[in-house]
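With mature numbering (1 follows the signal peptide of the UniProt record, and there is no 0) as the guide, the letters of the sequence shown map in order to residues -18 to -1, 1 to 140.
Read the structure below first, then the notes.
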Amino acid sequence: MFLRAIFLACAFATSANAASFTPYENGRFGYVIDLPSDFKTVLIPDNGDGVGLESVDGSVKLSVWGNNITEDSFRAESDLRRKLQAEKGWKFTYEKRGPAWASFSGIKDDRILYMREIALCDDAMGNFSIEYPASEQKRYGPLIERLVQTLKAPAHCK
């Protein structure tokens, strides 16, 4: 029984790590990110800033977008975006920042929101947010890691 449990745990971990991804490059802001191939596109904004996706069952929402920084700095813009989510009822339990990136995670009811922001050139930023059931945190952890690792500014911004 113990060996079977180990086998099933390894099989699940392998399938989570072997998930299929599709590279996405935003034509307007130039950021890149790997998107899960098994998510369906539900929104492509007319302004070309990004894409909205969701899981097949609709329980997970993933948004990827770029925007111009309208505040005085990347940090101020990031603070504003976090504040806007808090005003919608999200209780943030995790925050980590660098000079050109920020990550936040919060809880509302039985849902988790994870947000990642990176500075781009020309006073812009690239972002993703993913909202999913709290009961699925272990399942979506590897996906979030992949999104964080692959959200990158264009090479000419460095």
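For glycine and all other residues, C-beta sits at the position ideal for the given N, C-alpha and C.
For residue i and residue j, what's the separation of their Cα atoms in angstroms?
{"i": "N49", "j": "D31", "result": "7 Å"}
{"i": "N8", "j": "K73", "result": "30 Å"}
{"i": "K90", "j": "D61", "result": "19 Å"}
{"i": "A(-14)", "j": "S117", "result": "With a pLDDT of 37 at A(-14), under the threshold of 50, the predicted position of this residue should be treated as unreliable, though the coordinate-derived value follows. A(-14) and S117: Cα-Cα distance of roughly 20 Å."}
{"i": "F46", "j": "V130", "result": "This sequence places Val at residue 46; Phe is not what is there. Answer to the nearest angstrom: the Cα atoms are 12 Å apart."}
{"i": "I15", "j": "I126", "result": "11 Å"}
{"i": "L95", "j": "A106", "result": "22 Å"}
{"i": "P27", "j": "G34", "result": "8 Å"}
{"i": "E59", "j": "C103", "result": "14 Å"}
{"i": "P5", "j": "R64", "result": "27 Å"}
{"i": "A101", "j": "H138", "result": "13 Å"}
{"i": "Q67", "j": "G88", "result": "9 Å"}
{"i": "W83", "j": "G108", "result": "9 Å"}
{"i": "K43", "j": "S37", "result": "7 Å"}
{"i": "E99", "j": "N29", "result": "19 Å"}
{"i": "V24", "j": "S55", "result": "31 Å"}
{"i": "G80", "j": "R57", "result": "9 Å"}
{"i": "K70", "j": "A1", "result": "32 Å"}
Return helix, strand or coil for residue i, following the three-state DSSP convention.
{"i": "F86", "result": "strand"}
{"i": "L95", "result": "strand"}
{"i": "G9", "result": "coil"}
{"i": "S111", "result": "strand"}
Starting from residue i, follow its DSSP beta bridges and name the residues at the other end.
{"i": "D104", "result": "BP columns for D104 are empty, so no partner."}
{"i": "K134", "result": "V14"}
{"i": "G80", "result": "W83"}
{"i": "T75", "result": "Paired residues: none, contrary to the question."}
Who are the Cβ neighbours of residue i in its own chain at under 8 Å, not counting the five residues just before and after it?
{"i": "R93", "result": "E113, Y114, P115, A116"}
By Cβ distance, which residues of its chain are closer than 6 Å to residue i, with the 5 residues on each side in sequence left out?
{"i": "M97", "result": "F86, S111"}
{"i": "Y122", "result": "Y114"}
{"i": "E77", "result": "F86"}
{"i": "P136", "result": "G12"}
Could you pull out every residue in the same chain whose Cβ sits closer than 7 Å to the Cβ of residue i, ignoring the five residues on either side in sequence?
{"i": "K134", "result": "Y13, V14"}
{"i": "F3", "result": "D16, L17, P18, S19, R128"}
Less than 7 Å between the CB of residue i and some heavy atom of the ligand ZN, yes or no?
{"i": "R121", "result": "What this structure holds is no ligand at all, so the ligand ZN is not there to describe."}
- Message: Runs of 4 residues minimum, wholly inside the segment 13 to 72: which ones carry the alpha helix (DSSP H) assignment?
- Response: 56 to 69
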